[in-house]
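Asks:
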Amino acid sequence: MHLDPPETMNQMDSSSNRIINKVFIKVAMIQQPSWSQIYRGERVTLRCEIQGGGGAQWTYEWRPTNRNSPSSSEYRIISATEAQSGEYSCRGRTERFSLTPWSDVIKITLRKL
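Using the numbering used here, the first residue of the sequence shown is number 80, and each one after it goes up by one.
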């Protein structure tokens with residue numbers, strides 16, 4: 080599990096644009112299986128977890144961004160190919176809080192048989 084240091088985010092009152100409190104956010108990314116080198120055809124799940132969000136409803140952004148990037152907390156690679164090798168990170172977004180910081184990067188490398 081990769082944790083960013085706590086990040087302070089201001090919660091805004093949208094009717095008056097006042098800061099009403101501060102929220103401490105940590106963004107963690109978990110990979111299953113947990114090894115960074117995978118084989119062609121292997122399944123990989125990356126999960127973005129936001130800690131300290133006060134029960135907010137989150138949507139998610141993923142790097143690298145592509146047309147199939149989910150807005151959910153999980154990024155699934157069903158059958159790995161060379162195209163999925165690279166560095167991945169995530170962050171959360173809500174209407175009440177702007178954006179969390181990006182998580183630490185998880186690097187995935189496709190191994191050749």
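Quick reminder that beta carbons are idealized off the backbone N, C-alpha and C, glycines included.
Since this is a predicted model, take the numbers as computed values, not measurements.
In three-state DSSP terms, what is S94?
Replies: Per-residue confidence for S94 stands at a pLDDT of 43, beneath the threshold of 50, marking its modelled position as unreliable; the derived number appears in the next sentence. Looking at S94 - three-state DSSP - the assignment turns out to be coil, as it is neither helix nor strand.
Asks: Below 8 Å between beta carbons: does that hold for W181 and R170?
Replies: yes
Asks: Out of T138, A162, T188, point me to the one whose CA is closest to S177's CA.
Replies: Cα-wise, what sits closest to S177 is T138.
Asks: Just how far apart, CA to CA, sit M108 and Y154?
Replies: 10 Å
Asks: Only counting the same chain, and skipping five residues up and downstream in sequence, which positions put a Cβ closer than 6 Å to that of R190?
Replies: Q116, Y118
Asks: CB-CB under 7 Å to S164, same chain, minus the five flanking residues each way: which ones, in chain order?
Replies: I187, T188, L189
Asks: Does DSSP put Q163 in a helix, a strand or coil?
Replies: helix
Asks: Any C-beta of chain D sitting closer than 8 Å to the C-beta of R126?
Replies: The chain labelled as chain D is not found in the depicted structure, where only one protein chain is given.
Asks: Jot down the residue ranges of each uninterrupted alpha helix (DSSP H) in the stretch 118-153, minimum 4 residues, whole runs only, in chain order.
Replies: Listed in chain order, the alpha helix (DSSP H) elements of length 4 or more contained wholly in the stretch 118-153 amount to none.
Asks: Which residues in the same chain as V184 place their Cβ atom closer than 6 Å to its Cβ, once the five residues preceding and following it in sequence are excluded?
Replies: Taken in chain order, the residues that qualify are E166, S168.
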